[in-house]
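Listed in order, the protein sequences are those of chains W and G.
Okay, so the first sequence: first residue is -6 according to our numbering, each after it adds one.
Okay, so the second sequence: first residue is 868 according to our numbering, each after it adds one.
Shown next, in structure tokens, is the structure this report addresses.
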Amino acid sequence: MVAPLWAGGLPTMLGALSSLLILALAGIPAFAAKIPTEEEASRAEMLKLVAEPLPGSAIAKGPASFYGPDNLYQYMDGAADIFVLYGVRQMLHLDARAKTADISVDVFDMGSAETAFGMYAAERSPEFRFMTIGTEGYKYEGMLNFLQGRYYVKLLGFGDGADALLEDVAAELSTRIGARPGLPALFSKLPTGNRKPHSEQYIPADPLGHAFLGPAYIVAYALGDQESKLLVTVASDDADAQRRIQKLEEHFAKTGKCETAPELGAGAVRASNSFEGTVVAQTKGRYLILLLNPVQGSEQLLKNAASGLG
Amino acid sequence: MKNFKTWNRRDFLAQVTSSLAASPLLSGPSFLLPQSTNSASQTARSARPIYRTLGNTGVSLPIVSMGVMNADVPGLIPRSYELGIRHFDTAARYQQGRNEEMVGRMIKQMGVRDEVIISTKVLRPGWSRDPNQAPSQTYSAAEVKSHFNEVFQSSLNRLQMDHVDILYNHSADSVTEVHSEGALEAMVALKKEGKARFLGVSSHQPEMALKEAMKMGVYDVVLIPINYTMAKNVEFLKTIDEAARKGLGLIAMKTQAGGAIKPDPKLEKPLTPASQAALLKWVLHHESIATAIPGFTTYEQLEQNFQVALNLAYSTEEQEFLSDQKAVAAAQFCVQCGECRSDCPLGVDIPQLMRSHMYAVQYSNYELAAETMRAIAASKSLGACGNCQSCRAVCRNSVNIAMKIGHLKTLQSNGTLPA
């Protein structure tokens, strides 16, 4: 008679042995479930976006290629630098053909919705024809680019029917990406009156040429025929915001002039130099708010921004 | 001479040392610290930048110029001009034209068009470096010419200029591309019309581009990567000198080897901006190079880079950096050409390991470095490296593969790199 492990008898012993065997096998790499890396997971997601069937019965001309920050320049030459600056994680490239038209698909995984927006905005121009696709998109001279989530998608079409193919492929990719977040939330806290359409920017590093100002959100405002810009830099805390305004003051004191602007609020400064023009700045909690090229009537923007960020 | 693939480490070092001793570029107290005679006479600290002539163009330029990287820092252009920079380089495809727009706007605002040298670049249609994809369609010379003209006219519109000083055939990385009939027809005509003062070719295959440009006699300027990672490529350095003797104007890009400023993990202290200056100075000590176009995105970087134009003498810190093999090797970067793969008898995936090293050392992104390594099959990854007495893999771009793999092993064993 087999002595039971516990009061269950032979079946329980066999079950226990099976469990031990499974545990042992799990320790052997060949049998362990492989957890995909973040890069692998991202690639798998991106491949799903371009899987056939594609609109217009487009067929891929070859396997998709992936590029990372270190070799993106091989695909895009010097145009890659700005993508690397904005933190591109990887890019998928695919060429496809549908009857009489060819399409080139580039999908950039920018790592986050914020940096994807930043990169999209870095290439966006107000003269493009904007359209409702993803979070935002536009068509211009045979290309259709759009932003959705952490992806920045760039499509190029060639040949007869390319225009329609671009829109169909974009719509399909957008459906496959799924979630459709809006613009970065901070923009909703900034004044909307006189805001220039499609002028929002997010700059993760070195905004205005100053490392201490990153990351920053920028919006342009039209006052008559003049333009002012609001820049909001997000510090880690109030003390960090104070350090940033101090560095700004030091920079302008060294290169031009900087003086207090008490009419704008406690701690506000007005500064200028020969290459950056005039700036007024103040902190509000952990935000440092700058008004670039202040013109008559625009200084209220600074106050409204501070109020909105409070 | 032995085939280099059969060299052991002793052969390699012997060959390199004797070649370096013979190179006029590299003579001096330390083979890493060239001291060219004419520039040495100009190295006393001076408020005026050092100028050189751009080949047979007759254009005289400060030795440090600006590669315009980011359209969203317009202030860098007037500030660069204030400091003394006179050449600004852009391209039609940078930020989908916004880069050219910004350059044009700022130059117009400053009212200095006649005092600066503006270059832009136009890509041939169907250009793609992707090896998996066939070109979308083939283009006739007439179509290439038409496309080139159309793109260039758009460039002039964005720049708000009626001409550029240098027009490049952009990213011509093969003999075919350098010789592109349609592009050349367009460019020659544009030069005759006065819309482009000089014609250039930009390429990431510098030796090929220089040799072809010398043969063709059409290009006035060649824009090529040149940096310290090429210090041991004697043939290439000789080709540069030959091209300059034949009157080609040479401009250097990618001078700071990808801009690595993160330290070798074995170094105690971070590398200083002096390392960036040292790398730029090394390039500019080569007098065949008329000017370099480093890219910078902050005022601090601009000022650090432009100081080099005032004084090419190495500071003590810069000398130490260039003499420190570890520090310099950490500044090298793998271009992922994959040619080293066949060198390793154990089949180690060297390019992927070099990527991992870059993330760890240059970006201090240990998570990404570890992810990159995890993506490599175990039989080809770090553990497969057999620590051969002398590493058989030889990088065509002079990256110290064995040293970097050693770094990765150290980072893994001390827990810095997550498993």
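No residue lacks a Cβ here, since even glycine has one placed at the ideal position from N, Cα and C.
Treat the numbers as computed from the prediction; the structure is a model and nothing was measured.
My guess is that residue i and residue j are in contact by the Cβ rule of under 8 Å, so how many angstroms apart are they, rounded?
i                           : j                            : result
leucine 1220 of chain G     : valine 1175 of chain G       : The pair is not a contact, with the Cβ atoms about 33 Å apart (cut-off 8 Å).
glycine 111 of chain W      : glutamine 219 of chain W     : In fact, because the Cβ distance is near 26 Å, the residues do not count as touching under 8 Å.
asparagine 923 of chain G   : aspartate 1087 of chain G    : 7 Å
tyrosine 210 of chain W     : phenylalanine 180 of chain W : 6 Å
serine 1172 of chain G      : isoleucine 75 of chain W     : The sequence shown places asparagine at residue 1172 of chain G, not serine. In fact, because the Cβ distance is near 18 Å, the residues do not count as touching under 8 Å.
glutamine 89 of chain W     : valine 98 of chain W         : Here the sequence assigns alanine to residue 89 of chain W, which means glutamine is not the residue at that position. Yes, alanine 89 of chain W and valine 98 of chain W are in contact; Cβ-Cβ is about 7 Å, under 8 Å.
leucine 1034 of chain G     : glycine 1067 of chain G      : 7 Å
phenylalanine 59 of chain W : methionine 84 of chain W     : 7 Å
alanine 1110 of chain G     : isoleucine 1156 of chain G   : About 10 Å; that fails the 8 Å criterion.
arginine 1259 of chain G    : cysteine 1211 of chain G     : 6 Å
Provide the residue span of the alpha helix (DSSP H) that contains residue i, from first to last.
i                             : result
isoleucine 75 of chain W      : 73 to 78
alanine 1244 of chain G       : First-last for alanine 1244 of chain G: undefined, no H or E at that position.
proline 1073 of chain G       : 1073 to 1083
phenylalanine 1103 of chain G : 1101 to 1112
threonine 1043 of chain G     : 1042 to 1045
methionine 1221 of chain G    : 1217 to 1224
tyrosine 66 of chain W        : 65 to 69
serine 1142 of chain G        : 1140 to 1151
valine 1175 of chain G        : 1166 to 1177
For residue i, report the span of its beta strand (DSSP E) as first-last.
i                         : result
methionine 136 of chain W : 136 to 141
leucine 285 of chain W    : 280 to 285
arginine 919 of chain G   : 918 to 920
valine 1068 of chain G    : 1063 to 1069
serine 58 of chain W      : 58 to 60
serine 986 of chain G     : 984 to 989
Which of the three DSSP states, helix, strand or coil, is assigned to residue i?
i                          : result
serine 50 of chain W       : helix
lysine 1121 of chain G     : coil
tyrosine 1006 of chain G   : coil
aspartate 1032 of chain G  : strand
isoleucine 196 of chain W  : strand
leucine 295 of chain W     : helix
glutamate 269 of chain W   : coil
aspartate 88 of chain W    : strand
valine 1018 of chain G     : helix
glutamine 1279 of chain G  : helix
glutamate 33 of chain W    : helix
isoleucine 1272 of chain G : helix
arginine 1259 of chain G   : coil
glutamine 289 of chain W   : coil
valine 1055 of chain G     : helix
leucine 40 of chain W      : helix
Could you check whether the Cβ of residue i sits closer than 7 Å to any heavy atom belonging to the ligand NAP?
i                      : result
alanine 299 of chain W : Ligands are entirely absent from the displayed structure, and the ligand NAP is therefore not among its contents.
Using the C-alpha atoms, what's the distance from residue j back to residue i?
i                             : j                         : result
serine 1007 of chain G        : histidine 1037 of chain G : 18 Å
glutamine 962 of chain G      : lysine 1078 of chain G    : 31 Å
lysine 1099 of chain G        : leucine 183 of chain W    : 55 Å
phenylalanine 879 of chain G  : leucine 140 of chain W    : Low confidence applies to phenylalanine 879 of chain G: its pLDDT is 32, below 50, so where it sits in the model is not reliable, and the reading given next is rough at best. Whole-angstrom Cα-Cα distance: 51 Å.
phenylalanine 1233 of chain G : threonine 1283 of chain G : Checking the sequence shown, residue 1233 of chain G turns out to be tyrosine, not phenylalanine. So the two alpha carbons sit approximately 7 Å from each other.
glycine 942 of chain G        : lysine 132 of chain W     : 30 Å
lysine 41 of chain W          : isoleucine 96 of chain W  : 17 Å
methionine 969 of chain G     : alanine 1245 of chain G   : 49 Å
aspartate 1216 of chain G     : serine 35 of chain W      : 21 Å
aspartate 939 of chain G      : threonine 957 of chain G  : 14 Å
isoleucine 985 of chain G     : serine 1280 of chain G    : 51 Å
leucine 87 of chain W         : alanine 228 of chain W    : 39 Å
leucine 1057 of chain G       : lysine 1247 of chain G    : 52 Å
glutamate 107 of chain W      : proline 177 of chain W    : 6 Å
methionine 933 of chain G     : serine 947 of chain G     : 8 Å
alanine 1009 of chain G       : cysteine 1207 of chain G  : 40 Å
glycine 978 of chain G        : glycine 964 of chain G    : 21 Å
alanine 299 of chain W        : glutamate 292 of chain W  : 11 Å
leucine 158 of chain W        : threonine 93 of chain W   : 10 Å
leucine 1275 of chain G       : histidine 1224 of chain G : 6 Å
leucine 294 of chain W        : leucine 223 of chain W    : 8 Å
methionine 1083 of chain G    : glycine 1049 of chain G   : 15 Å
phenylalanine 151 of chain W  : alanine 57 of chain W     : 19 Å
threonine 1096 of chain G     : serine 105 of chain W     : 34 Å
leucine 1051 of chain G       : leucine 149 of chain W    : 25 Å
glycine 142 of chain W        : glutamate 116 of chain W  : 17 Å
Query raised in the report: Which runs of the alpha helix (DSSP H), 4 residues or longer, sit entirely within the segment 95 to 174 of chain W?
Result: 106 to 116, 155 to 170
Requested in this report: May I have a chain-ordered list of the beta strand (DSSP E) segments no shorter than 3 residues that lie completely inside the segment 917 to 976 of chain G?
Outcome: 918 to 920, 927 to 929, 954 to 956
Query raised in the report: Hey, which unbroken runs of the alpha helix (DSSP H) at 4 residues or more fall wholly within the segment 211 to 265 of chain W?
Result: 231 to 248
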